[in-house]
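*Asks:* Sending over a structure as structure tokens; questions will come in a sec.
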Amino acid sequence: MQQMLLDPYYPTASAVHELEPRLKLVCVLAYIVAATALPTAYWPGYIALAALAAVAIVGARMPLGLVLGRTAIALPFVGVVALSVPFTRGGAVLWSGSLLGLPLAITAEGQGLFLSILAKSWLSVLLVGVLVATTPMSRVLGALRALRVPAVLVTTIALMYRYLFVLVAEAGRLHVARESRSVGKGGSVGWRARVLGGMVGSLFIRSYERSERVYAAMLSRGFDGEVQSLDEQHWTARDTLLLAAWFALLLPIVLVGRIPV
Amino acid sequence: MAQAPIIAIHDLTHVYPDGRRALQGVHLTVGDSERVALVGPNGAGKSTLLLHLNGTLRASRAEQVCVGGAPLNDRTVKSARARVGLVFQDPDDQLFSPTVFEDVAFGPLHLGYDAAIIRERVAWALAAVGMGGYEERPPYRLSLGEKKRVAIATVLAMQPDVLVLDEPSAGLDPRARRNLIDLLATLPQTLLVATHDMRLVWALCPRTVILDQGRIVADGPTATLLRDQALMEQHGLEMPPEALSA
Numbered sequence: 000m001q002q003m004l005l006d007p008y009y010p011t012a013s014a015v016h017e018l019e020p021r022l023k024l025v026c027v028l029a030y031i032v033a034a035t036a037l038p039t040a041y042w043p044g045y046i047a048l049a050a051l052a053a054v055a056i057v058g059a060r061m062p063l064g065l066v067l068g069r070t071a072i073a074l075p076f077v078g079v080v081a082l083s084v085p086f087t088r089g090g091a092v093l094w095s096g097s098l099l100g101l102p103l104a105i106t107a108e109g110q111g112l113f114l115s116i117l118a119k120s121w122l123s124v125l126l127v128g129v130l131v132a133t134t135p136m137s138r139v140l141g142a143l144r145a146l147r148v149p150a151v152l153v154t155t156i157a158l159m160y161r162y163l164f165v166l167v168a169e170a171g172r173l174h175v176a177r178e179s180r181s182v183g184k185g186g187s188v189g190w191r192a193r194v195l196g197g198m199v200g201s202l203f204i205r206s207y208e209r210s211e212r213v214y215a216a217m218l219s220r221g222f223d224g225e226v227q228s229l230d231e232q233h234w235t236a237r238d239t240l241l242l243a244a245w246f247a248l249l250l251p252i253v254l255v256g257r258i259p260v
Numbered sequence: 003m004a005q006a007p008i009i010a011i012h013d014l015t016h017v018y019p020d021g022r023r024a025l026q027g028v029h030l031t032v033g034d035s036e037r038v039a040l041v042g043p044n045g046a047g048k049s050t051l052l053l054h055l056n057g058t059l060r061a062s063r064a065e066q067v068c069v070g071g072a073p074l075n076d077r078t079v080k081s082a083r084a085r086v087g088l089v090f091q092d093p094d095d096q097l098f099s100p101t102v103f104e105d106v107a108f109g110p111l112h113l114g115y116d117a118a119i120i121r122e123r124v125a126w127a128l129a130a131v132g133m134g135g136y137e138e139r140p141p142y143r144l145s146l147g148e149k150k151r152v153a154i155a156t157v158l159a160m161q162p163d164v165l166v167l168d169e170p171s172a173g174l175d176p177r178a179r180r181n182l183i184d185l186l187a188t189l190p191q192t193l194l195v196a197t198h199d200m201r202l203v204w205a206l207c208p209r210t211v212i213l214d215q216g217r218i219v220a221d222g223p224t225a226t227l228l229r230d231q232a233l234m235e236q237h238g239l240e241m242p243p244e245a246l247s248a
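Protein chains in written order, with the numbering used here: chain R, 0 to 260; chain Y, 3 to 248.
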């Protein structure tokens, strides 16, 4: 089911599911900041953060396979972006060779930075994964609103998320239509590229027209450019305590890494 | 008939920016609690006409479209939108919120009601369409029949005087379609239904208006118009089986 793939919510009863959405959101943001602030190749710090992530995953009662599978999706994107790093840093040369007549060299510093980028992004994605698996999207959006994120941004995210499902279904229908006319076989690469271009164009136009209809539907129900909502939030003393505890764990990890030995 | 008709359209013409004439000199009045079917072939201008009823599209002169006796202009458009509830053909256009509750609450919220009243309205509207208990569901997890019901609830929650529906039964399986007709029959509102579903017209609307190429070509009792085979065929329509046997 494509829907299952798109909807990251993992319905089960757990302590992490129960937590107040704003608390979870702030904790995840703080965690990402901490991961970013750690020095390059400071492995003990990464391991400490991974331990915190493990606590969150166990607390959320999520199957490890699910967590790893989901977060693995993000790695190639980061990997491609970071791919040039090992080659462009100065330092002790680990390997050298040439590609198409260009000399190439991997340095120890470059390799360390590359692995650090991968580790930091993977840790960040892990925690975001726990957040969206334990919090329905509507509550995440409610938390964003309650944290005074500009309404225009929250609405944009909400609409983007809502229409992702429609877009994927539409792309699926286009794909089936193409398959059933091309008898499952593709032609040359050029032909396929042209068909794909046509499909992307058609998707864009359909989405554009839909956006006009959605806007008309919003206007019809009294929308005047001002986004309003009826969120109820219950922040308790326990949430403050938990937030303080989370910061108390993160702060030393970052500080110890940052203090020169 | 001393009361002003709830909807009064006078000599309405609409030309799209590409020069296509969607409506030409349309006259239409709909009285309180009437149930009117708007039929006609694809591209006849049905949807264009519906979009004028709450000011999504505007007439060149305000007097051409009156809702509850008041010409539709910038000042009256908000109250017209509260009085005329438009249900779009594709419920995915109408249901744009993360949960069913937020979608149904959207209208009352933007009309400026209090939180308590909004909650009451949402519960009432969802109960009216038989979708109570679906509040926290995301709309993309619903079937088409359920989406159509929620789409109607989003408009009912605004407690409009007129309910305007574009192709309410399109794409529904027979049972969902039957349930929808039964549901619409229970609503006290004035109904204006644009549809190709002649059996729905027969079952629900005592009055039928036929629109073809932007003009109203017939306006009269459903029982008469739908039995007129020549008229039906001339405008690309079909007689429902009920009209044949009766």
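Glycine included, C-beta positions come from ideal geometry on N, C-alpha and C.
Remember, it's a predicted structure, so these values are computed and weren't measured experimentally.
(1) Compare the beta carbon distance of Pro170 of chain Y and Val211 of chain Y with 8 Å and say whether it is the shorter of the two.
(2) Going by DSSP in three states, Leu186 of chain Y sits in which element: helix, strand or coil?
(3) I want to know whether the stretch 117 to 125 of chain Y touches the stretch 144 to 154 of chain Y - three or more CB-CB distances under 8 Å.
(4) Keeping to the same chain, check which residues put their C-beta closer than 7 Å to that of Phe246 of chain R; ignore five residues upstream and five downstream.
(5) For Gly114 of chain Y and Met160 of chain Y, which I take to be in contact (beta-carbon distance under 8 Å), what is that distance rounded to the nearest angstrom?
(6) Is there a Cβ from chain Y that is less than 8 Å from the Cβ of Ser206 of chain R?
(7) Could you list which residues in chain R have their beta carbon closer than 7 Å to that of Gly47 of chain Y, in chain order?
(8) Residues of the stretch 153 to 165 of chain Y with a CB closer than 7 Å to any CB of chain R: list them in chain order, please.
(9) Using a Cβ cut-off of 8 Å, pull out every chain Y residue sitting near Arg180 of chain R, in sequence order please.
(10) Is it right to say Ile258 of chain R is buried, meaning 16 or more other beta carbons lie within 10 angstroms of its own, or is it exposed?
(11) Any C-beta of chain Y sitting closer than 8 Å to the C-beta of Leu202 of chain R?
(12) Taking Cβ positions only, does Leu130 of chain R come closer than 8 Å to chain Y?
(13) Given this structure, state the Cα-to-Cα distance separating His174 of chain R from Ala39 of chain Y, to the nearest angstrom.
(14) When the cut-off is 8 Å and only beta carbons count, does Arg83 of chain Y lie next to chain R?
(15) Can you tell me where the beta strand (DSSP E) holding Pro223 of chain Y begins and where it ends?
(16) Which two residues bound the contiguous beta strand (DSSP E) that contains Gln141 of chain R?
(17) Evaluate Phe113 of chain R with the Cβ neighbour count: other Cβ atoms within 10 Å of its Cβ, from every protein chain shown; 16 or more gives buried, anything less gives exposed.
(18) For chain Y, is any of its Cβ atoms less than 8 Å away from the one on Gly64 of chain R?
(19) Could you tell me if Val280 of chain R is buried or exposed, where buried requires 16 or more neighbouring beta carbons within 10 angstroms of its beta carbon?
(20) Any idea what DSSP makes of His237 of chain Y, helix, strand or coil?
(21) Scan the stretch 63 to 100 of chain Y and note each continuous beta strand (DSSP E) run of 3 residues or more that stays entirely inside, going in chain order.
(22) What residue does the beta strand (DSSP E) around Asp175 of chain Y start on, and which one ends it?
(23) Figure out for me which residue from Y:Asp34, Y:Val17 and Y:Val41 has the closest Cα to the Cα of Gln236 of chain Y.
(24) Considering only DSSP beta bridges, list what Arg23 of chain Y is partnered with.
(25) Verify the contact flag: Gly90 of chain R, CB atom, against every heavy atom of the ligand PLP, threshold strictly below 7 Å.
(26) Could you give the residue range of the beta strand (DSSP E) that holds Ser95 of chain R?
(27) Hey, Leu242 of chain R and Leu18 of chain R: beta-carbon distance below 8 Å or not?
(28) Can at least three beta-carbon pairs, one atom from the stretch 121 to 133 of chain R and one from the stretch 45 to 61 of chain R, be found at a separation below 8 Å?
(29) Give the interface partners of Ile8 of chain Y over in chain R, defined as CB-CB distance under 7 Å, in chain order.
(30) Just to check my reading of the structure: Leu228 of chain Y and Trp204 of chain Y have Cβ atoms closer than 8 Å, yes? What is that Cβ distance to the nearest angstrom?
(31) Compute the Euclidean distance between the alpha carbons of Leu24 of chain R and Gly78 of chain R, then round it to the nearest angstrom.
(32) At 9 Å on the CB atoms, spell out the chain Y contacts of Gly221 of chain R, in chain order.
(33) Do the CB positions of Leu97 of chain Y and Ala153 of chain Y come within less than 8 Å of each other?
(34) Taking its Cβ as the centre, do 16 or more other Cβ atoms sit within 10 Å of Gly216 of chain Y, making it buried, or is it exposed?
(35) Would you mind sorting Gly57 of chain Y into buried or exposed? The rule is 16 or more other CB atoms within 10 Å of its CB.
(36) At what residue ranges does the stretch 32 to 110 of chain R contain a whole run of the beta strand (DSSP E), taking only runs of 3 or more?
*Replies:* In short, the structure shows the following:
(1) For the purposes of this step, residue 170 of chain Y is taken as residue 168 along the second sequence, with counting starting at 1. For the purposes of this step, residue 211 of chain Y is taken as residue 209 along the second sequence, with counting starting at 1. Cβ atoms of Pro170 of chain Y and Val211 of chain Y: not closer than 8 Å.
(2) Translated into positions along the second sequence, residue 186 of chain Y becomes position 184. It is helical.
(3) In this structure the stretch 117 to 125 of chain Y does not lie against the stretch 144 to 154 of chain Y, because fewer than three pairs of beta carbons, one per stretch, are closer than 8 Å.
(4) One-based indexing of the first sequence puts residue 246 of chain R at position 247. Cβ within range, chain order: Ala29.
(5) In the second sequence, counting from the first residue as 1, residue 114 of chain Y sits at position 112. In the second sequence, counting from the first residue as 1, residue 160 of chain Y sits at position 158. In this structure Gly114 of chain Y does not touch Met160 of chain Y by the C-beta definition: roughly 11 Å separates them, more than the 8 Å allowed.
(6) Residue mapping note: residue 206 of chain R aligns to position 207 of the first sequence, counting from 1. Not one chain Y Cβ lies under 8 Å of Ser206 of chain R.
(7) Stepping through the second sequence from its first residue, residue 47 of chain Y is reached at position 45. Residues of chain R passing the Cβ test: none, with the nearest at roughly 16 Å.
(8) Of all residues in the stretch 153 to 165 of chain Y, Thr156 and Met160 have a Cβ within less than 7 Å of some Cβ in chain R.
(9) Position 181 of the first sequence holds residue 180 of chain R. Here the premise fails: no neighbours, minimum Cβ distance about 23 Å.
(10) If you number the first sequence from 1, residue 258 of chain R lands on position 259. Label assigned to Ile258 of chain R: exposed.
(11) Stepping through the first sequence from its first residue, residue 202 of chain R is reached at position 203. Proximity of Leu202 of chain R to chain Y, defined by a Cβ-Cβ separation below 8 Å, is not satisfied.
(12) In the first sequence, the residue the question calls residue 130 of chain R occupies position 131. Nearest CB-CB separation between Leu130 of chain R and chain Y: not below the 8 Å threshold.
(13) For this step, residue 174 of chain R is matched to residue 175 along the first sequence. For this step, residue 39 of chain Y is matched to residue 37 along the second sequence. So the alpha carbons of these two residues sit roughly 37 Å apart.
(14) Reading the second sequence from its first residue, position 81 is the one you call residue 83 of chain Y. Chain R, which has a Cβ nearer than 8 Å to the Cβ of Arg83 of chain Y, makes this yes.
(15) Locating residue 223 of chain Y in the second sequence gives position 221, counting from the first residue. Here the beta strand (DSSP E) through Pro223 of chain Y covers Arg217 to Pro223.
(16) The residue given as residue 141 of chain R occupies position 142 in the first sequence. According to the sequence displayed, residue 141 of chain R carries Gly and not Gln. No beta strand (DSSP E) contains Gly141 of chain R, which is instead part of the alpha helix (DSSP H) from Met136 to Ala145.
(17) Here residue 113 of chain R refers to the residue found at position 114 when the first sequence is read from its first residue. Phe113 of chain R comes out buried.
(18) For the purposes of this step, residue 64 of chain R is identified with residue 65 of the first sequence, where counting begins at 1. No, its Cβ sits nowhere closer than 8 Å to a Cβ of chain Y.
(19) Summary: the structure shown does not reach residue 280 of chain R, with chain R confined to residues 0 through 260, and so no result is reported for it.
(20) Looking up residue 237 of chain Y in the second sequence gives position 235. Looking at His237 of chain Y - three-state DSSP - the assignment turns out to be coil, as it is neither helix nor strand.
(21) Runs of the beta strand (DSSP E) lying entirely within the stretch 63 to 100 of chain Y and spanning at least 3 residues, in chain order: 67 to 69 and 86 to 89.
(22) Counting from 1 along the second sequence, the entry for residue 175 of chain Y is found at position 173. Per DSSP, Asp175 of chain Y belongs to no beta strand (DSSP E) and is neither H nor E.
(23) Within the second sequence, residue 236 of chain Y is the residue found at index 234, counting from 1. Per the Cα distances, Y:Val41.
(24) Residue mapping note: residue 23 of chain Y aligns to position 21 of the second sequence, counting from 1. Answer is Y:Val17, bridged to Arg23 of chain Y.
(25) The ligand PLP is not among the ligands present in this structure, which contains no ligands whatsoever.
(26) Taking the first sequence and counting its residues from 1, the one referred to as residue 95 of chain R is at position 96. Val92 to Leu98 is the extent of the beta strand (DSSP E) around Ser95 of chain R.
(27) Position 243 of the first sequence, counted from the start, is the residue given in the question as residue 242 of chain R. Position 19 of the first sequence, counted from the start, is the residue given in the question as residue 18 of chain R. Taking 8 Å as the Cβ cut-off, Leu242 of chain R and Leu18 of chain R do not qualify as a contacting pair.
(28) In short, these stretches touch, since the Cβ pair count reaches three.
(29) Counted from its first residue, the second sequence places residue 8 of chain Y at position 6. From the beta-carbon of Ile8 of chain Y, no residue of chain R is found nearer than 7 Å; the closest lies around 17 Å away.
(30) On the second sequence, position 226 is the one that residue 228 of chain Y refers to. On the second sequence, position 202 is the one that residue 204 of chain Y refers to. The pair is a contact, with the Cβ atoms about 6 Å apart (cut-off 8 Å).
(31) What you label residue 24 of chain R is simply residue 25 of the first sequence in a count that begins at 1. What you label residue 78 of chain R is simply residue 79 of the first sequence in a count that begins at 1. Taking the straight line from one Cα to the other gives about 26 Å.
(32) Translated into positions along the first sequence, residue 221 of chain R becomes position 222. Chain Y residues near Gly221 of chain R: Lys80, Arg83, Ala84, Phe108, Gly109, Pro110, Leu111, His112, Leu113, Gly114 and Met160.
(33) Along the second sequence, read from residue 1 onward, the residue named residue 97 of chain Y stands at position 95. Along the second sequence, read from residue 1 onward, the residue named residue 153 of chain Y stands at position 151. Yes. Within cutoff.
(34) For this step, residue 216 of chain Y is matched to residue 214 along the second sequence. So Gly216 of chain Y ends up on the buried side.
(35) As a working mapping, residue 57 of chain Y is identified with position 55 in the second sequence. Gly57 of chain Y should be labelled buried.
(36) List check, beta strand (DSSP E) in window: 92 to 98 and 101 to 106.
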